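Sequences listed follow chains A and B, in order.
Converting from the first sequence to this note's numbering requires adding 4 to each position, the first position being numbered 1.
Converting from the second sequence to this note's numbering requires adding 2 to each position, the first position being numbered 1.
Even glycine gets a Cβ: it sits at the ideal position worked out from N, Cα and C.
Keep in mind it's a predicted model, so treat the numbers as computed, not measured.
Read through the structure below, which is laid out as structure tokens, and then see the notes.
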Amino acid sequence: MYRYGTETTVRLINRRASAVGAAPVTAGVTVRRGTGAALLLMAPFFAVFALAVLAPIGYAIYLSQFAQRASGLGFGGLHSVWVGLDNYRRVLTDSTYTSSYLHVLLYAVVAVPLVLGLSVVIALALDSAYAFGRRAAQLGLFVPHLVPGVIAALIWAYLYTPQVSPVVKALSSWHVHIEPLGPGFTYPSLINVVLWESLGYNIVIYYASLQAIPREMAEAAVVDGAGEWRTAWHIKLPLIRSAVALTAIFSAIGAMQLFAEPLLLSTAGSTGISQDWTPNLYAYTAAFTRNNDYGAAAAASIILAALAAGLSYVVTRFGKPWRQA
Amino acid sequence: MSLSRTEPAPSGAAAPSRARGRSGRRRIWTPSRAAVNTLLLVVSFYTFFPLVWTVFAGAKTAGAVQTGDVLSLRNFNIVGNLRLLWSFQDGIYGRWFLNSLLYAGVGAGVGALICVAAGYAFDKYEFPGKERLFGLVLLGVLVPSAATTLPLYLLAAKAGLVNTYFAVLIPSLVNPFGVYLARVFSAGYVPNETLEAGRIDGASELAMFVKLGLPMLRSGYTTILLFQFSAIWNGFFLALVMLTDQHLFPVSLGIYELNTSLSSEGPALLPVVMLGSVVAILPLVVIFISLQRFWRAGLTAGSVK
Numbered sequence: 005m006y007r008y009g010t011e012t013t014v015r016l017i018n019r020r021a022s023a024v025g026a027a028p029v030t031a032g033v034t035v036r037r038g039t040g041a042a043l044l045l046m047a048p049f050f051a052v053f054a055l056a057v058l059a060p061i062g063y064a065i066y067l068s069q070f071a072q073r074a075s076g077l078g079f080g081g082l083h084s085v086w087v088g089l090d091n092y093r094r095v096l097t098d099s100t101y102t103s104s105y106l107h108v109l110l111y112a113v114v115a116v117p118l119v120l121g122l123s124v125v126i127a128l129a130l131d132s133a134y135a136f137g138r139r140a141a142q143l144g145l146f147v148p149h150l151v152p153g154v155i156a157a158l159i160w161a162y163l164y165t166p167q168v169s170p171v172v173k174a175l176s177s178w179h180v181h182i183e184p185l186g187p188g189f190t191y192p193s194l195i196n197v198v199l200w201e202s203l204g205y206n207i208v209i210y211y212a213s214l215q216a217i218p219r220e221m222a223e224a225a226v227v228d229g230a231g232e233w234r235t236a237w238h239i240k241l242p243l244i245r246s247a248v249a250l251t252a253i254f255s256a257i258g259a260m261q262l263f264a265e266p267l268l269l270s271t272a273g274s275t276g277i278s279q280d281w282t283p284n285l286y287a288y289t290a291a292f293t294r295n296n297d298y299g300a301a302a303a304a305s306i307i308l309a310a311l312a313a314g315l316s317y318v319v320t321r322f323g324k325p326w327r328q329a
Numbered sequence: 003m004s005l006s007r008t009e010p011a012p013s014g015a016a017a018p019s020r021a022r023g024r025s026g027r028r029r030i031w032t033p034s035r036a037a038v039n040t041l042l043l044v045v046s047f048y049t050f051f052p053l054v055w056t057v058f059a060g061a062k063t064a065g066a067v068q069t070g071d072v073l074s075l076r077n078f079n080i081v082g083n084l085r086l087l088w089s090f091q092d093g094i095y096g097r098w099f100l101n102s103l104l105y106a107g108v109g110a111g112v113g114a115l116i117c118v119a120a121g122y123a124f125d126k127y128e129f130p131g132k133e134r135l136f137g138l139v140l141l142g143v144l145v146p147s148a149a150t151t152l153p154l155y156l157l158a159a160k161a162g163l164v165n166t167y168f169a170v171l172i173p174s175l176v177n178p179f180g181v182y183l184a185r186v187f188s189a190g191y192v193p194n195e196t197l198e199a200g201r202i203d204g205a206s207e208l209a210m211f212v213k214l215g216l217p218m219l220r221s222g223y224t225t226i227l228l229f230q231f232s233a234i235w236n237g238f239f240l241a242l243v244m245l246t247d248q249h250l251f252p253v254s255l256g257i258y259e260l261n262t263s264l265s266s267e268g269p270a271l272l273p274v275v276m277l278g279s280v281v282a283i284l285p286l287v288v289i290f291i292s293l294q295r296f297w298r299a300g301l302t303a304g305s306v307k
């Protein structure tokens, strides 16, 4: 549901989340022949996979063990020196790096429950007998998901700028003075952008899982005298629990990758967001702004990859929401 | 396997099929009904307000946007803005747009085919180490590409590929989740008996994929393509890291750089940023609305029991 930095994986993961209740891939009746054909069919995927995923990870692990040092007397310019795990030590003891994790943690603690909670409530409302225009709503609410993350953040950055924004103006005419780009509004402003981007997407996923609930179940509840509200709370909500759990996990992993939105708000003048406010921004800044410190950038990337992969592995392995219906 | 249908449900069939078909009866306003619809109205307003504002801003003069005179009927300059959009810096916006089409079109078109071939092979063939290999694919889903993009840049810099079309195009082809999805689709849509019949007729394994498997997986292919297309079209970080030549920029990066330059260059190109944003959103909206049955199939793949 979040679209930070490199969108692809986040979306992939989210779509995996949406395949909640997907029957686990089963082999079925397969035929023990044609291994050659199988490998041939898989070759293109594994070729690009090796090139664009495995090789970079390997190279980053290698690079993270080297640092640029000036050679003796400073005449020979810079050269690479093997430093073992020193880059990791350097990055992990850098308070900027550790606080970047603190930022995304604080952000996730508020944003994830807020986004998912609202999405669930709205999906249930949409699924209730009371709602008008379900199809139009479903289609319309999905539109922000089609807006590139940078452009969404850009639009909101203008809506946060006092001279430009009709929202800030309207609020101040009611004597509510807000300063969305000021230091006190860092988290609310950022969370609002992500909320806007991801609300409809989550609603559509939950609504789809709600639609998949056998109608007899809801009917039985009605026959037993439960009203719409009680049916929603006691019957429907528990049945989409695993969809919610999965989107929660992947939203949390998405939070670790925050990049485009804070970058844009920071260039728009948000005073609370520094150049290395999230782990991803930290790695980017280390590579491109801070003297091409590739060793630190590689180490920071590896730590981020390991943390995200570890988190999702643990959750999918032991949480098992992915196997439940 | 649950995916026994050969085609995703037509879009109309999904929504009103449940027992909520009370629309025939006269609607009675109750507090609950009012609460639910008020909530939906508020959410719709929240969703559409920024979009409407952007459409207006794209049709106005730079001065009007800067002074906050956007949601009014004054100071329109639609034709001037359009002309500026297509002409500034020798029409570079058009170039960005075509670049985005190239990255997303080729990346998703070829990428989804690669996924379908691999997913089909994972589903239909048995060989030693298969599940271990599939575990590698799932690892690719777990490792966020945000974390591999910088290493990818460092590698591309070493290989001299930075600032080329390939630097964005090749990584865009990789879609491990697409392989997972293709395996699920293949198990649901391609009956093993069909392949058995093909073998009896003496067809080669590859010919069977092309002539039997691929046509049956057409809707699965479209679903994977659709999501990969939108992921690449909306992508930003990869292009930001890989490209400095603005002739290679996709539209999202172009607008970002242009917007950043406004603070030093002045607001003359502000309408380009606004109108350019609107134009950049349009293709996906059109594609998703016209192919909505496929994205619904993608979102609910597997929840169809």
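What is the rounded straight-line gap between the Cα of residue i and the Cα of residue j?
i, j, result
"threonine 293/A", "arginine 93/A", "21 Å"
"asparagine 39/B", "asparagine 206/A", "19 Å"
"isoleucine 217/A", "valine 67/B", "47 Å"
"tyrosine 162/A", "proline 266/A", "14 Å"
"valine 35/A", "leucine 216/B", "Confidence is the limiting factor: at valine 35/A the pLDDT is only 47, short of 50, which leaves the residue's position unreliable, though a coordinate-based value still follows. The straight-line gap from Cα to Cα measures roughly 18 Å."
"isoleucine 172/B", "leucine 242/B", "15 Å"
"leucine 243/A", "phenylalanine 254/A", "19 Å"
"leucine 340/A", "proline 283/A", "Within the shown structure, residues of chain A are numbered from 5 to 329, placing residue 340/A beyond reach of any answer."
"phenylalanine 211/B", "valine 119/A", "42 Å"
"arginine 15/A", "proline 178/B", "Because arginine 15/A carries a pLDDT of 42, less than 50, the predicted location of this residue cannot be relied on, and the following value inherits that uncertainty. The alpha-carbon atoms of arginine 15/A and proline 178/B are separated by roughly 11 Å."
"leucine 183/B", "valine 143/B", "11 Å"
"glutamine 91/B", "leucine 44/A", "46 Å"
"isoleucine 80/B", "leucine 277/B", "9 Å"
"glutamate 223/A", "glutamate 201/A", "34 Å"
"tyrosine 286/A", "asparagine 101/B", "29 Å"
"serine 104/A", "isoleucine 30/B", "53 Å"
"arginine 19/A", "leucine 175/B", "Bear in mind that a pLDDT of 46 at arginine 19/A, under 50, signals an unreliable position, so the number given afterwards is only what the model happens to contain. Rounded to the nearest angstrom, the two C-alpha atoms are 17 Å apart."
"tyrosine 211/A", "serine 292/B", "20 Å"
"isoleucine 126/A", "serine 246/A", "17 Å"
"tyrosine 95/B", "valine 145/B", "34 Å"
I want to verify the contact list: residues of chain B whose CB lies under 7 Å from the CB of residue i, in sequence order.
i, result
"asparagine 284/A", "Ala148"
"glycine 38/A", "Tyr127, Glu207"
"proline 187/A", "By Cβ distance, chain B contributes nothing, its closest Cβ being about 20 Å from proline 187/A, past 7 Å."
"proline 148/A", "Thr49"
"glutamate 265/A", "Going along chain B, no residue has its Cβ under 7 Å from glutamate 265/A, so there is no contact; the nearest lies around 10 Å."
"serine 132/A", "Val38"
Which residues in chain A have a C-beta closer than 8 Å to the C-beta of residue i? List them in chain order.
i, result
"glutamine 294/B", "Leu143"
"glycine 142/B", "Phe53, Val57"
Quick one: using the 10 Å Cβ neighbour count with 16 as the cut-off for buried, is residue i buried or exposed?
i, result
"methionine 46/A", "buried"
"asparagine 295/A", "exposed"
"isoleucine 257/A", "buried"
"glutamine 261/A", "buried"
"lysine 62/B", "buried"
"serine 193/A", "buried"
"threonine 251/A", "buried"
"isoleucine 306/A", "buried"
"alanine 302/A", "buried"
"leucine 43/B", "exposed"
"isoleucine 116/B", "buried"
"alanine 174/A", "exposed"
"proline 148/A", "buried"
"proline 184/A", "buried"
"tryptophan 86/A", "exposed"
Taking the Cβ atom as the reference point for each residue, do residue i and residue j lie within a distance shorter than 8 Å?
i, j, result
"leucine 145/A", "threonine 56/B", "no"
"glutamine 230/B", "glycine 109/B", "yes"
"leucine 330/A", "alanine 112/A", "This structure does not reach residue 330/A, given that chain A is present from 5 up to 329, and the question cannot be answered."
"proline 193/B", "glycine 60/B", "no"
"valine 172/A", "isoleucine 159/A", "no"
"serine 132/A", "alanine 236/A", "yes"
Which residues in chain B sit within 8 Å of residue i, going by Cβ to Cβ distance?
i, result
"leucine 269/A", "Simply none; closest approach about 12 Å."
"tyrosine 298/A", "Leu156"
Starting from residue i, find everything on chain A with Cβ-Cβ shorter than 7 Å and list it in chain order.
i, result
"proline 52/B", "Ile159, Trp160, Leu163, Trp200"
List, in order along the chain, the chain A residues whose C-beta lies closer than 9 Å to that of residue i?
i, result
"serine 266/B", "What serine 266/B touches in chain A: nothing, since even the nearest Cβ is about 12 Å away."
"serine 254/B", "Pro152, Gly153, Val154, Ile155, Ala264"
Please list, in chain order, the chain B residues whose beta carbon lies closer than 9 Å to that of residue i.
i, result
"glutamate 232/A", "Ser34, Val38"
Is the region 153-167 of chain A touching the region 253-264 of chain B in the sense that three or more CB pairs, one from each, lie closer than 8 Å? Counting Cβ pairs under 8 Å, three or more are found: they touch.
Segment contact, 8 Å Cβ cut-off, at least three pairs: the region 54-69 of chain A with the region 144-156 of chain B: Yes: at least three Cβ pairs fall under 8 Å.
Assess contact between the region 270-279 of chain A and the region 221-239 of chain A, defined as three or more Cβ pairs (one per stretch) separated by less than 8 Å. Is contact present? No, because fewer than three Cβ pairs between the region 270-279 of chain A and the region 221-239 of chain A fall closer than 8 Å, the two stretches do not touch.
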